[in-house]
Amino acid sequence: MGYPLSLAVRYMSSKKGANVSVGTAFAMLGVTLGVAALVTVMSVTGGFQEQFRDKVLGVNAHVLVLKYSISFREYRDVMKKIENVPGVIGIAPFTINPMMVTKGPRTATGVLLKGVDPDKMPSVLDLPKHLMPGGSLEGLRRPGAKPPEAPHDPIFDLPPKKSGEPTIHSEADALDGGTKMSLLDAMQHEVDEEAKHPDASFDVVAQPAPDEDVIVDAGAGAPVGDVTPDGGYASVLPADDDIPDSIDPDPCTNPEAVAKLPGVVLGKTLSKTLDAKIGDCVQITSPAVGISFGAGGPRPPIAKQFRVIAMFDAGFDQYDSKLAYTDLYEAQAFYDEGDSVTGIEMKVSDIDDASRISKQIDKLLANSVYHTMDWKELNHGLFTALLIQQIGMSVVLALIIVVAAFTVIATLIMVVLEKKKEIALLKALGAKDDAILRVFLYQGAIIGLVGTTAGLLLGYACCRGLIAYAFPLDPKVYFISSLPVLLRPNEFIVTGTFAILICLVATIFPALYAARLRPSDGLRAE
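Taking our numbering, I'd label the letters of the sequence shown as residues 2 to 527.
Structure, rendered in structure tokens:
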């Protein structure tokens, strides 16, 4: 490097003997603050992305297979087709529907009840890792539990046709031949008789006179005597019906009956809302709003009792307050669809490869009735917003480094103007233009390197301090309870490289001005 580096270090010193001049110190400080702010914000926004991804994938799978239909009863056959796809390490069926959960006078609405297979779910979800102390998934499925039977539909579920039996096209065809012909003959006979006797009158039943008492035989067992209620007909019925336990027993009041109830796992916030503890009995009711049709028409809401066997803390208030897990068979019983599921969820070995595996499964099924989606597509809005936020904040804070670069330019211009005579003498003594150019490039590089190093160290210290302090957040607003910070070396490397390059670019104009300076221009004033 020779004398250009020595001159660069010398020009950074003050005339009064200080190691670094005031202008150079402020230029380094500007770079330091800009780099520290940028790496801190990038670590915080990266922490939000990481936290949200972990929370989302903790209670959701990586790839889903859904069906554009009300019923999905062939899910076992679909699972066999895709369980051997490379990269898939876990597969399980699930159902999810909105419910109302009640415990005593407390009620929580809009709760998503997710039915899972207790045997296959741990290979897909991280729910066992999020269980709070004292809880267990044992008892989620009752011994001998079976999926509900499919409802009988008198229109579509016709009995199998016997060999040689004619095809039935209508209800009339369902009658045997003799009965069908006799009905037709009887109808034709009435038409013929009416044509022969058009003036014939129909038999009219004699009606009693208005003042005539009518005696009706009510049959055996009918009440006899005065049936006027106590208090007369003006008496008021009670506001609440007091139904004896012998008619409508409450299983939640019987400890033995509660112990036999199916299990349910509630979120931490949801359990606090209901004041429910492990072993308590809660009632889950299907909503009356929406479509709930059975074989005989609209079905009323279904209410079932469950026993709280565990509570989970996903760290994501949106899930902790609105999600509950139970056995797949118990969840299927709320809707009259038999052994049908909402979809199939899978876990893959590499979450970044989920999109490719999703497309591969879609091609394997080769049926437009099925729809596959990965975790990024399922939460596209959330992660897109986080990415835009990270990019926007990084760009805004990168402007601090750009502003610091202008400080570097101003400092070097002042140095060039101050050392104009010395530069002219050097060029008169035979110094080349590229040597003078390197003097100021080295000076800008030193400012950038020192400022960037100090900024990275300061940013790292700030991040460690935020991690140690665990700055609290409102989970109802930010969905997480503390400020997340993620330290990633690549972000520090990118930020440092960007800062040094900006400082080098900022030195180009002053360095070129100094390199093009002629000796006569520098010595003219002398």
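Think of the CB as a built atom: it goes at the ideal place given N, C-alpha and C, for glycine as much as any other residue.
Going by DSSP in three states, residue i sits in which element: helix, strand or coil?
i, result
"R465", "helix"
"Y76", "helix"
"F317", "coil"
"S70", "coil"
"D351", "coil"
"L324", "strand"
"S482", "coil"
"P144", "coil"
"L34", "helix"
"D340", "coil"
"A334", "coil"
"R517", "coil"
"I509", "helix"
"V205", "Note that V205 has pLDDT 47, beneath the 50 cutoff, so the model's placement of it is unreliable and the number below is only indicative. Three-state result, V205: coil."
"N491", "helix"
"D434", "helix"
"K273", "helix"
"D251", "coil"
"M29", "helix"
"K278", "coil"
"S7", "helix"
"K56", "helix"
Give the single residue among the options whose Cα lies nearest to the Cα of residue i.
i, options, result
"V102", "A37, F307, H131 and L487", "F307"
"A334", "G431, A151 and V265", "A151"
"I310", "D340, L329, I279 and Y336", "I279"
"T498", "Y69, G449 and A515", "G449"
"R11", "P301, Y443 and R107", "Y443"
"A399", "A26, G24, T25 and T41", "T41"
"S341", "M312, D55, R74 and S22", "R74"
"G46", "S70, C282 and L487", "Note that residue 46 is Thr in the sequence shown here, rather than Gly. The option with the nearest alpha carbon to T46 is L487."
"D321", "Y76, I481, D251 and L458", "I481"
"W376", "L30, G48, T25 and L58", "L58"
"E338", "H63, V60, S70 and P87", "S70"
"L427", "I303, R519 and E346", "R519"
"L365", "K261, I414, C253 and V79", "V79"
"V283", "L262, T270 and I437", "L262"
"T96", "N61, R357 and A258", "N61"
"L388", "V32, Q50 and F27", "Q50"
"L6", "A446, C463, A515 and A93", "A446"
"L67", "I362, A405, L505 and A471", "I362"
"D251", "L126, K104 and G136", "K104"
"L30", "I285, I345 and L459", "L459"
"S137", "P485, P94, K56 and P119", "P119"
"G145", "V416, R77 and D328", "D328"
"M13", "L502, V416, L430 and C464", "V416"
"V125", "N98, K82, I503 and L65", "L65"
"V265", "A367, D314 and E139", "E139"
"C463", "T25, A9, V32 and L39", "L39"
"T33", "V409, D354, K348 and L128", "V409"
"P87", "P129, A258 and K348", "K348"
Count the other CB atoms, across all protein chains shown, that sit within 10 Å of the CB of residue i; report buried if there are 16 or more and exposed otherwise.
i, result
"R439", "buried"
"L418", "exposed"
"P511", "buried"
"H170", "Note that H170 scores 42 on pLDDT, short of 50, meaning its location in the model is unreliable; the coordinates nonetheless yield the value given after this. Flag for H170 reads exposed."
"F493", "buried"
"E331", "buried"
"D318", "buried"
"T110", "exposed"
"A515", "buried"
"P106", "exposed"
"F441", "buried"
"F472", "exposed"
Residues bridged to residue i by DSSP?
i, result
"L65", "E346 and M374"
"F307", "V283"
"M312", "L267"
"P149", "Looking at the DSSP assignment, P149 forms no beta bridge with any residue, so it has no partner."
"P473", "S483"
Jot down the residue ranges of each uninterrupted alpha helix (DSSP H) in the segment 359 to 430, minimum 4 residues, whole runs only, in chain order.
376 to 379, 381 to 419 and 421 to 429
Which runs of the beta strand (DSSP E), 3 residues or longer, sit entirely within the segment 79 to 138?
89 to 104 and 107 to 117
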